[in-house]
Each structure stands twice: as structure tokens, then as C-alpha cells.
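According to our numbering, the stretch in the sequence shown is residues 65 to 240, in order. All residues carry an ideal CB built from backbone N, CA and C; glycine is no exception. Please read the structure below before turning to the comments.
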Amino acid sequence: MIGKSIGKHKILTKLGQGGMGSVYEAEDIDLGRRVAIKVLNSAVTEEGGKELERFEVEAKVQANLNHPNIVTLYNFDRYGDSYYIVMEYVQGRTLSNIIRTAGPLPPSIVVTTAKQVLEGLSAAHRMGVIHRDLKPSNIIVTPDGVAKVMDFGVAKVQGGKSLTASGAVVGTVAYM
65 MIGKSIGKHK
75 ILTKLGQGGM
85 GSVYEAEDID
95 LGRRVAIKVL
105 NSAVTEEGGK
115 ELERFEVEAK
125 VQANLNHPNI
135 VTLYNFDRYG
145 DSYYIVMEYV
155 QGRTLSNIIR
165 TAGPLPPSIV
175 VTTAKQVLEG
185 LSAAHRMGVI
195 HRDLKPSNII
205 VTPDGVAKVM
215 DFGVAKVQGG
225 KSLTASGAVV
235 GTVAYM
């Protein structure tokens with residue numbers, strides 16, 4: 065994918081990969097800014113159904129959340145036989161990476177980071193959105209210490225259609 069274009073975005077580097085898709089750093093050619101692009105895995109698209117619908121819901125949910133402690137979503141579109149979302153590119157490291165390399169964090173940093181994460185979650189909750197997969201790898205911290213919540217892939221929207229079977233478990237078990 066490196067060097068290819070998705071819409072008006074040129075793929076620069078791969079940032080990560082998860083169960084639903086891969087995330088890339090890209091350049092928005094028209095606006096001259098860095099963005100992050102999450103491309104849905106083609107295997108998920110071929111299966112269709114709930115996972116594809118969940119990806120669409122993630123885009124709609126995150127697009128309606130506007131808060132300094134939540135990664136901003138710019139666009140959702142089709143790419144060949146798949147789909148992608150374009151998000152704010154946040155320079156920084158995930159909280160899991162920070163903890164893995166630095167070890168236990170000083171209480172002052174823990175409190176500051178937790179407060180920012182809770183402010184982002186509070187904004188989401190006011191919009192009727194429950195994240196359901198909050199964990200250190202879904203929090204990115206900028207070099208200036210600003211924490212942003214990301215990955216609303218299994219979020220639940222109050223009053224929205226349920227994409228989870230009754231009794232099914234979603235999220236990361238270690239953080240539930």
C-alpha cells in the first residue's frame with residue numbers, strides 16, 4: 065500500500081494493524097496535511113454482515129464526536145472492494161507503548177492522562193456513545209502530553225441498532 069493513493073490521500077507508512085483493518089499515515093494531497101487512514105480488511109468485506117456494518121457505525125459514531133481528547137474523523141468512503149475512514153493524524157505514542165518502554169508512570173502523569181481520557185469519554189457519553197474497548201493501546205498521547213481516545217470500532221450508541229448478539233462479549237477481555 066505504501067506509495068499508493070486512496071481517494072485524494074497518498075499512503076506514506078503503515079502505523080498498525082488490527083482485527084478489522086490496517087492503519088496508515090497518509091498525506092491529504094488537496095489540503096497538504098497528514099492524516100491517518102484505516103482500511104477495512106478485504107476478508108471482513110467479503111464476509112459482509114455485522115463486521116462491515118460495525119465499521120460503518122464506527123465511522124458515523126466517531127464523525128459526530130468533536131472533542132480535544134477524541135481523535136477526529138474526517139471521512140468514510142469506499143476503496144475498491146473495501147472501505148476506509150480518514151482520521152486526524154496524531155503524532156505521539158499509544159499509552160501501551162509508553163508504559164511498555166517507561167514502566168510505571170509517575171502519579172502526576174497518570175492523573176493528568178486519566179483526566180483527559182475521562183473528559184473525552186464524558187463527551188462521548190453525552191452523545192449517547194459508550195466506547196466498550198478502552199485500553200492503553202486505544203489511547204494516544206502527543207509529545208505535549210495530550211491524551212486522545214481512538215478506535216470506536218465496538219462502540220455502542222444509545223438508541224442505535226445493536227450489532228452484538230444477546231449475551232455476546234465485545235472488547236478486550238483483559239480490560240473489561
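(message) Please identify the residue among Y148, A127, R196, Y88 whose C-alpha is closest to the C-alpha of L116.
(response) The residue from Y148, A127, R196, Y88 with its alpha-carbon nearest to that of L116 is Y148.
(request) Quick one: residues in its chain with C-beta nearer than 8 angstroms to the C-beta of Q222, no 5 flanking neighbours on either side, listed in chain order? (result) For Q222, where only same-chain residues beyond five positions count, the Cβ hits under 8 angstroms are G192, V193, I194.
(message) So, for L129: in the same chain, excluding its five sequence neighbours on each side, which residues have a beta-carbon less than 7 angstroms away from its beta-carbon?
(response) A187, A188, M191, V193.
(request) May I have a chain-ordered list of the beta strand (DSSP E) segments no shorter than 3 residues that lie completely inside the segment 119 to 184? (result) Every beta strand (DSSP E) of 3 residues or more that sits fully in the segment 119 to 184 is shown, in chain order, as 137 to 143, 146 to 152.
(request) Return the residue from the list N202, A219, G144 that minimises the CA-CA distance to V213. (result) When each option's Cα is compared against that of V213, the closest is N202.
(request) Would you check if the segment 159 to 169 and the segment 130 to 147 touch, i.e. whether three or more CB-CB distances between them fall below 8 angstroms? (result) Contact fails: fewer than three Cβ-Cβ distances are below 8 angstroms.
(message) Let me confirm a value: K78 is counted as buried when at least 16 other C-beta atoms fall within 10 Å, else exposed. Which label applies?
(response) Per the 10 Å Cβ criterion, exposed.
(request) Tell me whether V150 is buried or exposed, calling it buried when 16 or more other Cβ atoms sit within 10 Å of its Cβ. (result) With 16 or more other Cβ atoms within 10 Å, it is buried.
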